[in-house]
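Chains A and B supply the protein sequences, listed in that same order. If you count the first sequence from 1, position 193 lands on 229 in the working numbering, and the numbers rise without skipping. If you count the second sequence from 1, position 154 lands on 190 in the working numbering, and the numbers rise without skipping.
There are 2 protein chains.
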Amino acid sequence: MAKQNTVFKDAFNRCVKLLEQTASLPSEPELGATLGVSRTTVRAILTRLEEIGLLTWEKRRKIVLRKPVAADYFPTEETDSLSEIIERSFMRRILAGGAEPGMQINELELAREIGIGTTSVREFLIRFSRFGLIEKRPNSHWVLKGFTREFALELTEVREMFELRSAVAFARLPGDHPAWQELEAIEAVHHAILADIDNRYLDFSELDERFHLLVHRASKNRFIVDFYDVIAIVFHYHYQWNKTNARQRNARALEEHLAYIAALRSRDAIEIELACRQHLKSARETLLQSIN
Amino acid sequence: MAKQNTVFKDAFNRCVKLLEQTASLPSEPELGATLGVSRTTVRAILTRLEEIGLLTWEKRRKIVLRKPVAADYFPTEETDSLSEIIERSFMRRILAGGAEPGMQINELELAREIGIGTTSVREFLIRFSRFGLIEKRPNSHWVLKGFTREFALELTEVREMFELRSAVAFARLPGDHPAWQELEAIEAVHHAILADIDNRYLDFSELDERFHLLVHRASKNRFIVDFYDVIAIVFHYHYQWNKTNARQRNARALEEHLAYIAALRSRDAIEIELACRQHLKSARETLLQSIN
DNA sequence: AATCTGTCTATTGTCGATAAAAGACAAAAC
DNA sequence: GTTTTGTCTTTTATCGACAATAGACAGATT
């Protein structure tokens with residue numbers, strides 16, 4: 037096996053989902069644009085749709101023959117890209133314990149455990165190293181630095197610097213900048229989740245990322261925006277892993293976000309700093325609690 | 037060819053250099069520690085030293101037979117690791133022009149041009165991507181974002197945030213912290229270079245890196261310290277590439293460093309901020325001038 | 001005249017294989 | 001009893017090969 041065909045499988049699934057609503061399909065380039073893949077992949081999808089009897093396809097004529105059923109889809113496990121699989125598997129190891137700081141990381145062992153080649157593992161580790169959780173000893177192994185208290189403190193220190201600056205920059209965006217609209221949309225989702233907090237508190241994680249990324253983007257600084265990847269991945273897995281008091285914690289964070297959003301809208305630098313600091317402080321505490 | 041043997045060649049050369057001074061060699065483990073390589077490599081070196089008649093080697097008995105000559109060394113081109121070669125080659129392309137922002141980067145083409153395999157190029161690009169000069173389009177090419185004015189401004193913005201904070205942290209280090217000694221040593225080199233500026237102004241580049249890294253380390257934050265790699269590589273190649281007015285520029289920077297060092301020693305936060313800001317400002321201007 | 005399809009080429013992502021380098025362990029030497 | 005050497009195993013770094021995917025171009029269709 038050379039390359040995985042997860043791009044094809046994932047796009048195929050999304051295309052089948054599309055068929056649940058529409059009775060016909062657009063042209064190949066248009067479909068490609070919708071699914072975010074090349075025409076080559078679109079044609080592979082159309083070919084398969086024909087094979088499983090969902091579609092007749094001859095040149096421009098694409099006729100949907102029946103409603104899709106569950107069996108038409110590829111299993112979801114097969115649609116994840118290799119790097120996603122490695123990342124999840126690796127983060128589980130780090131956060132789920134059994135991975136002491138200082139431990140050596142063995143490429144071959146990791147590769148075999150996940151059932152993939154060494155090259156992919158190597159490339160993952162190189163990409164992952166910028167998160168500061170592992171470190172390479174050239175010509176030798178990787179060292180796990182671990183998800184420790186120091187790590188969390190160093191991470192949040194930089195985060196606070198970056199986010200305060202970004203928040204101030206946000207307030208300076210012209211009134212017609214699309215970020216203000218996005219902020220409004222985000223605010224609405226906050227209210228919606230709070231109104232049904234008991235059922236929806238788990239939706240917070242995704243919203244949190246969306247909100248803070250929007251703020252960071254206002255910095256217009258690629259290093260600040262890129263650094264948000266580090267924060268996002270840490271909080272993402274942290275939320276997944278540590279669910280104690282999640283309802284309460286998330287409710288509080290939502291309220292803090294709303295205050296923060298109001299401050300941004302006021303464009304008052306002092307208020308912004310206060311609201312931002314307040315929220316970042318409790319985010320840091322939450323993170324630290326999950327470590328000890 | 038699987039792996040390059042540049043580790044061996046480089047360590048071998050350093051070992052021959054050692055032989056110019058000493059008449060005998062220590063034990064294998066000790067020699068390994070000195071050269072920073074494993075015993076396996078030490079033994080390969082000893083074997084080769086015997087082959088070219090520089091040494092008799094039997095167990096602990098290692099006798100130097102003659103003084104080394106130039107021909108005993110491996111050519112310096114052969115001692116650079118693959119990643120160093122790629123980095124130089126790539127940076128030359130970016131800085132030496134002929135590389136417009138927005139250009140596509142082709143892995144295979146790059147590999148062929150440098151005469152190496154694609155895997156090495158891929159890994160290099162992944163590692164290099166954290167410098168913010170290139171960006172990946174998944175399943176497709178890399179895009180060169182270019183060494184532009186925006187890049188320099190974004191880089192220096194973060195640098196200023198990080199360095200100001202680090203400088204303040206430096207002032208808080210206890211008096212017996214080794215960093216103060218290192219600072220003193222660095223200061224002495226400054227005076228030495230200034231005293232012979234016409235001949236030694238090119239030594240500034242290395243000293244600059246040493247000084248600022250020391251300051252950044254005081255932050256005790258891995259993200260801040262790691263970010264210094266970005267600054268270092270940019271300034272390193274910038275100094276190499278742009279030599280107009282180098283003597284004058286470096287002399288000025290040396291003076292600024294001395295003021296900065298004095299401020300650190302005063303431990304006065306206000307003075308530190310002033311001196312640091314002043315120096316970073318002219319560093320930024322120098323960098324910007326080289327771009328237009 | 002614009003867009004679409006058929007066909008072909010170029011490039012990336014992943015694999016297994018192999019030499020270089022690291023490192024483990026016991027026997028030997030001091 | 002500590003350090004050194006001999007020998008062996010393990011692991012990394014690099015390569016070339018190949019399927020998946022992107023993308024280019026000309027002819028066909030509206």
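Glycine is no exception: its CB is placed at the ideal position from the N, C-alpha and C atoms.
Backbone CA spacing between residue i and residue j [nearest angstrom]
i: A/G211; j: A/R258; result: 23 Å
i: A/L118; j: A/S156; result: 8 Å
i: B/L85; j: B/C51; result: 9 Å
i: A/L55; j: A/G72; result: 16 Å
i: B/R313; j: B/A203; result: 10 Å
i: A/A59; j: A/P65; result: 18 Å
i: B/R208; j: B/P214; result: 13 Å
i: A/F44; j: A/S176; result: 37 Å
i: B/K172; j: A/I122; result: 19 Å
i: B/D234; j: B/E136; result: 36 Å
i: A/Q140; j: A/D232; result: 45 Å
i: A/V270; j: A/R124; result: 12 Å
i: B/E321; j: B/W216; result: 29 Å
i: A/G89; j: B/G151; result: 49 Å
i: B/Y264; j: B/H248; result: 8 Å
i: B/R166; j: A/T42; result: 26 Å
Chain B contact for residue i (CB, 9 Å cutoff)
i: A/N175; result: yes
i: A/F259; result: yes
i: A/V251; result: no
i: A/L71; result: no
i: A/G168; result: yes
i: A/E190; result: yes
i: A/T155; result: yes
i: A/V194; result: yes
i: A/F240; result: no
i: A/S43; result: In the sequence as presented, Ser is not what sits at residue 43 of chain A; that position holds Val. Chain B, which has a Cβ nearer than 9 Å to the Cβ of A/V43, makes this yes.
i: A/V78; result: no
is_contact[residue i, chain A] using C-beta, thresh 9 Å
i: B/M197; result: yes
i: B/G138; result: no
i: B/K256; result: yes
i: B/F271; result: no
i: B/K181; result: yes
i: B/I121; result: no
i: B/R163; result: yes
i: B/E159; result: yes
i: B/D262; result: yes
i: B/R201; result: yes
i: B/V204; result: no
i: B/F187; result: yes
i: B/V52; result: no
i: B/V332; result: No answer is possible for residue 332 of chain B: it lies beyond the span of chain B, which begins at 37 and ends at 328.
DSSP three-state assignment for residue i, whether helix, strand or coil
i: B/E94; result: strand
i: B/E145; result: helix
i: A/I152; result: coil
i: B/Q284; result: helix
i: A/S60; result: strand
i: A/K53; result: helix
i: B/E186; result: helix
i: B/K22; result: Given a span of 37 to 328 for chain B in the structure shown, any question on residue 22 of chain B remains unanswerable.
i: B/E196; result: helix
i: A/K317; result: helix
i: B/V73; result: coil
i: B/L209; result: coil
i: B/V78; result: helix
Expected contact under 8 Å - CB spacing of residue i and residue j to nearest Å
i: B/Y237; j: B/A287; result: 7 Å
i: A/L294; j: A/E199; result: At roughly 17 Å, the Cβ-Cβ gap does not stay under 8 Å, so A/L294 and A/E199 are not in contact.
i: B/E159; j: A/R158; result: 7 Å
i: A/G182; j: A/L161; result: Not quite, the Cβ-Cβ distance comes to about 15 Å (not below 8 Å), so this is no contact.
i: B/L250; j: B/E220; result: 11 Å between Cβ atoms; not a contact.
i: B/L316; j: B/A188; result: 13 Å between Cβ atoms; not a contact.
Cβ-based neighbour list, residue i, same chain, cut-off 8 Å, excluding 5 preceding and 5 following
i: B/H272; result: S241, E245
i: B/L310; result: A299
i: B/R285; result: T322
Residue i Cβ short of 8 Å to the ligand NAP heavy atom set
i: B/R79; result: This structure does not include the ligand NAP; it has no bound ligands of any sort.
Residues of its chain near residue i, where Cβ-Cβ distance is below 7 Å and the 5 sequence neighbours each way are ignored
i: A/F48; result: I81, R84, F110
i: B/A153; result: Correcting the residue type first, residue 153 of chain B is Gly in the shown sequence and not Ala. Same-chain partners within the cutoff: A147.
Residues near residue i in its chain [Cβ-Cβ closer than 6 Å; skip 5 each side]
i: B/V225; result: L243
i: B/D239; result: I229
i: B/D46; result: T115
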